[in-house]
Amino acid sequence: MKKILFVLCLGLVGFGYGQLTDARDGKTYKTVKIGEQEWMAENLAYKPSSGNYWAYGDDISNVAKYGYLYDWETARKVCPSGWHLPSDEEWTILIDYLGGENVAGTKMKSTSGWENDGNGTNESGFNG
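If you're matching positions, the sequence shown starts at 4 in this note's numbering and goes up one per residue.
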């Protein structure tokens, strides 16, 4: 099973939760198995020693809920050991497993979130 990091979330039939403890800082994150892939089901909150990263809204108290935001180069370097950013092919596998482009986004989107618009179902457990 490939492990995939989504930097930027109970269980329903066909999906299962697990967890990952980041050895670098001891933080534990929820993971979710969707098909044959395992994805992080929470935003990464690892603070790297270098690179470009920031808190949502430039408010450090948001890190607990949203994790850190990273530029592309930093994101490529902050994945926990054994994890990586998803390729286009891996995103396609996920989208196809969830029923295609017309419905996968709703199934991966949280029921409430950044904009609190409530139009996601989070059927996948991904909590995007």
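Just so you know, even glycine gets a beta-carbon here, dropped at the ideal spot from N, CA and C.
Here V106 is exposed: its Cβ has fewer than 16 other Cβ atoms, across all protein chains shown, within 10 Å. Pairing Y32 with E45 gives a Cβ-Cβ distance under 8 Å.
Proximity of the segment 20-40 to the segment 71-88 meets the contact definition, three or more beta-carbon pairs being nearer than 8 Å.
Each residue's CA atom was taken as its position, placing I63 and N122 some 27 Å apart. Bounds of the beta strand (DSSP E) holding A58 are Y56 to A58. A straight line joining the alpha-carbon of V35 with that of K112 spans about 14 Å.
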